[in-house]
Amino acid sequence: ETGVTQSPTHLIKTRGQQVTLRCSSQSGHNTVSWYQQALGQGPQFIFQYYREEENGRGNFPPRFSGLQFPNYSSELNVNALELDDSALYLCASSLVPTGNTEAFFGQGTRLTVV
Amino acid sequence: QQQVKQSPQSLIVQKGGISIINCAYENTAFDYFPWYQQFPGKGPALLIAIRPDVSEKKEGRFTISFNKSAKQFSLHIMDSQPGDSATYFCAAKSGSARQLTFGSGTQLTVLP
């Protein structure tokens, strides 16, 4: 186990609703990155949080937003859910935001939008 | 230029055989190349990683071969076991980047 925990593990939402996913980073890690993994594909970078600030974003619209708390845990919020948002959402924590440092992934939250 | 192309999409190997998964990249700024293993219902877990200053790295049954001039790298799993059955992702990252760029994955099945 990596020490990165995500909740909930599974979630079903209706199109148009809003969802919040949570992540607790590994002890000592101040950087959290979020990825979306569609079925049969590799993870795609959503954004990264470092010291409670968004520190980089991938090609995702503003309805994907996040937070990082003083204990370095993080939330991913998605507004106005679309069917294509159905995916496994992964949280990864690391010691530093850049450089060739290992990223430790949680088990993911499986989001289904109906 | 940020893509990492991975092949094959799926691979079936007999127990004891060698599994080989290949990846190619375009971005010459990439300088860290990890491989991740993912079991159903789990997040990716780091298997082994290499930097471009070496051409090969071995950890147990897992070996990464790296060809900088061809911009290709591969994962070799020796003596493949049924417990190795999982999805494998190659990834790449540059030192200044925040994110890993992943390949599309290879579903490996090792037959008993």
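Quick note, the sequences are listed as chains S and Y, same order.
For reference, each letter of the first sequence is one residue, going -8 to 105 in this note's numbering.
For reference, each letter of the second sequence is one residue, going 2 to 113 in this note's numbering.
Glycine residues also receive a C-beta, built at the ideal position from the N, C-alpha and C atoms.
Source: prediction; values computed, not measured.
{"Asked": "Out of Y:Asn28, Y:Leu76 and Y:Ile19, point me to the one whose CA is closest to Cys91 (chain Y)'s CA.", "Found": "Y:Leu76"}
{"Asked": "Leaving out the 5 sequence neighbours to the left and right, which residues in its chain are closer than 6 Å to Glu34 (chain Y) when beta-carbon positions are compared?", "Found": "Looking at the sequence provided, one finds Phe at residue 34 (chain Y) rather than Glu. Ile51, Phe74 and Ala93."}
{"Asked": "At a CB distance below 9 Å, what residues from the segment 35 to 52 of chain Y approach chain S? Give them in sequence order.", "Found": "Pro35, Tyr37, Gln39, Gly42, Lys43, Gly44, Pro45, Ala46, Leu47, Ala50 and Arg52"}
{"Asked": "Output yes or no for whether 9 Å exceeds the beta carbon distance between Ser24 (chain S) and Cys82 (chain S).", "Found": "yes"}
{"Asked": "Please list the segments of the alpha helix (DSSP H) lying wholly inside the segment 5 to 36 of chain Y, counting only runs of 4 or more residues, in order along the chain.", "Found": "none"}
{"Asked": "Determine the closest residue to Glu44 (chain S) out of S:Asn50, S:Gly99, S:Ser64 and S:Phe51, with distance taken between C-alpha atoms.", "Found": "S:Ser64"}
{"Asked": "Here's the rule I'm using: 16 or more other beta-carbon atoms within 10 Å means buried, otherwise exposed. How should Leu109 (chain Y) be labelled?", "Found": "buried"}
{"Asked": "Is Arg54 (chain S) buried or exposed, if buried means 16 or more other CB atoms sit within 10 Å of its CB?", "Found": "exposed"}
{"Asked": "Starting from Glu93 (chain S), find everything on chain Y with Cβ-Cβ shorter than 9 Å and list it in chain order.", "Found": "Pro35, Leu47 and Ala50"}
{"Asked": "If you compare alpha carbons, which of S:Asn21, S:Ile37 and S:Ser16 is closest to Leu79 (chain S)?", "Found": "S:Ile37"}
{"Asked": "So, at 6 Å on beta carbons, what are the nonlocal neighbours of Ser56 (chain Y) in its own chain, with the 5 sequence-adjacent residues on each side left out?", "Found": "Phe67"}
{"Asked": "For Val104 (chain S), count neighbouring C-beta atoms within 10 Å of its own C-beta (all shown protein chains included) and say buried if the count is 16 or more, exposed if not.", "Found": "buried"}
{"Asked": "Give me whichever residues DSSP pairs with Leu83 (chain S) in a beta bridge.", "Found": "Per the sequence shown, the amino acid found at residue 83 (chain S) is Ala instead of Leu. Beta-bridge pairing links Ala83 (chain S) to S:Ser24 and S:Phe96."}
{"Asked": "If the cut is a Cβ gap below 7 Å, which residues of chain S does Lys6 (chain Y) touch?", "Found": "Residues of chain S passing the Cβ test: none, with the nearest at roughly 11 Å."}
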